[in-house]
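Visitor:
Residue numbers (this note's numbering): 9 to 280.
1) Tell me the rounded alpha-carbon separation between residue 211 and residue 126.
2) Mind listing, in chain order, the continuous beta strand (DSSP E) runs of no fewer than 3 residues lying wholly within the segment 242 to 274?
3) Can you check DSSP and say which residues form a bridge with residue 223?
4) Label residue 172 either buried or exposed according to how many other C-beta atoms from any shown protein chain fall within 10 Å of its C-beta, with 16 as the threshold for buried.
5) Classify residue 169 as helix, strand or coil using the three-state DSSP reduction.
6) To which residues of the same chain is residue 16 closer than 7 Å at the C-beta, ignoring the five residues directly before and after it?
7) Run through DSSP, which three-state label would residue 106 get?
8) May I have the straight-line CA-CA distance separating residue 86 from residue 276, to the nearest angstrom?
9) Taking three-plus beta-carbon pairs below 8 Å as touching, is the segment 185 to 205 in contact with the segment 152 to 159?
10) For the beta strand (DSSP E) containing residue 12, list its first residue and its last residue.
11) Under DSSP, the beta strand (DSSP E) around residue 67 begins and ends at which residues?
12) So, with DSSP's three-state summary, where would you put residue 4?
13) Cα separation between residue 259 and residue 30?
14) Which one of 240, 265 and 228 has the shortest CA to CA distance from residue 252?
15) Alpha carbon to alpha carbon, how far is residue 254 from residue 279? Give it in angstroms, no decimals.
16) With distance defined between alpha-carbon atoms, name the residue in 89, 270, 90 and 196 nearest to residue 208.
17) Taking the C-alpha atoms as reference points, what is the distance between residue 136 and residue 39?
18) My output table needs one value for residue 146: the three-state DSSP class, helix, strand or coil.
19) Rank 113, 89 and 73 by C-alpha distance to the C-alpha of residue 129 and give the top, closest one.
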């Protein structure tokens, strides 16, 4: 029996990933649809077309420091482990949001929420498991001033990544922005990709032996209301269309060269 979980799954890409997994898996399999609002979670579960895997709703607010560990423990008790995890929870920002005002909540969800998910669910991965964090091609050092690169290349643990994100957050709040880009998505996405790289490096030999893939993924531009605040997305793929490449990565045989990397449409996007 395959067990899968998607965070941030009540709308957009997360909802499309749940539906795609349910359609591709068998009735004996389970897909957990999670979010931070239980009413929205249950509404999303009820919107599923039926057929394929069972879709179960669970509360998971990644900003809650203990929530990921609690749910991981529950899944361990129910199923003994997990096969597919998509980390898709994100706090969205608009052009009118003041980065200094949102810095605490933004990093709590997008970055510390990601590292909490990695810590909680990586130990539960069964043989041939997948742990995929939805990031962006903005999450590469190409978008960051060279003087800042070592902030994300020298850490060797998730704790050290968290320290660098906290340092950036505090500099942002105190207006000590220096060489940091004004668009907060860039350092945040780089932090997510760096966290995946660090965890994958720690586990690489055993993961490859067991057929496990840990990676970050870029779905490309998606036609959503939030993206439309920043760019013209009128011709961009729908969430369901964007989900296809991510589902393929989760369900197709592992390519060792993808381990620890940022993958877009099946190809590695170099970190530096």
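Just so you know, even glycine gets a beta-carbon here, dropped at the ideal spot from N, CA and C.
Guide: Let's see:
1) Cα to Cα, residue 211 sits roughly 12 Å from residue 126.
2) You should have 270 to 272.
3) Residue 223 is bridged to 140.
4) Residue burial annotation: residue 172 is buried, with at least 16 other C-beta atoms found within 10 angstroms of its C-beta.
5) Looking at residue 169 - three-state DSSP - the assignment turns out to be helix.
6) Once the five neighbours on either side are set aside, the close Cβ partners of residue 16 are 22, 43, 96, 97 and 98.
7) Residue state, collapsed to three classes: coil.
8) Taking the straight line joining both Cα atoms gives about 35 Å.
9) Cβ pair count under 8 Å is three or more, so yes.
10) Per DSSP, residue 12 belongs to the beta strand (DSSP E) from 11 to 14.
11) Start and end: 62 to 67.
12) Residue 4 lies beyond the range of the chain shown here (9 to 280); nothing can be said about it.
13) Approximately 12 Å, taken between the alpha carbons.
14) For the residues 240, 265 and 228, the minimum Cα distance to residue 252 belongs to 228.
15) The C-alpha of residue 254 is placed about 19 Å away from the C-alpha of residue 279.
16) The shortest Cα separation from residue 208 among 89, 270, 90 and 196 belongs to 270.
17) Each residue's Cα considered, the two are about 17 Å apart.
18) Shown here, residue 146 sits in coil according to DSSP, grouped into three states, outside any helix or strand.
19) Closest by alpha carbon: 89.
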